[in-house]
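Undergrad: My questions all concern the structure below.
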Amino acid sequence: MGGLPASTVNGLAVHPSNPKVIYAAMRDGVFRSEDAGQSWRRAAGPKNVAAVAVNPKRPSEVYAATVDGTIWARTNGGQRWEPRR
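Using our numbering, the first residue of the sequence shown is number 16, and each one after it goes up by one.
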């Protein structure tokens, strides 16, 4: 799995209509694969991510929960993550 750091994967989320797109929650942040896990790149955003989820009705919305309890959202399909209160 090229591009993933050598640390624990805390959670995975799969795009609901494109199973080749996978997100991994890790201490180093959220990583994204577009080729079913063959290669990965960091998707910007927070570090110390405990869980990640994709909204099944709006797949451009990705959510990450950090170990301090903050929920982060990437709602425009881009690289910008914002904390949710």
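For glycine and all other residues, C-beta sits at the position ideal for the given N, C-alpha and C.
According to DSSP, is Glu97 helix, strand or coil?
TA: Strand.
Undergrad: Applying the 10 Å Cβ sphere with the 16-neighbour rule, what's the burial state of Arg82?
TA: Looking at the sequence provided, one finds Val at residue 82 rather than Arg. Burial call: exposed.
Undergrad: Could you spell out the range, first to last residue, of the beta strand (DSSP E) harbouring Trp87?
TA: Segment 86-89, the beta strand (DSSP E) holding Trp87.
Undergrad: Quick one: what's got a C-beta closer than 7 Å to Lys62's C-beta in the same chain, skipping five residues either side?
TA: Excluding positions up to five away in sequence, the list reads Arg42, Asp43, Gly44.
Undergrad: Following the continuous beta strand (DSSP E) through Arg47, name the residue where it begins and the one where it ends.
TA: Residues 44-48.
Undergrad: Classify Ala39: buried if its beta carbon has 16 or more other beta carbons within 10 angstroms, exposed otherwise.
TA: By the 10 Å Cβ count, Ala39 comes out buried.
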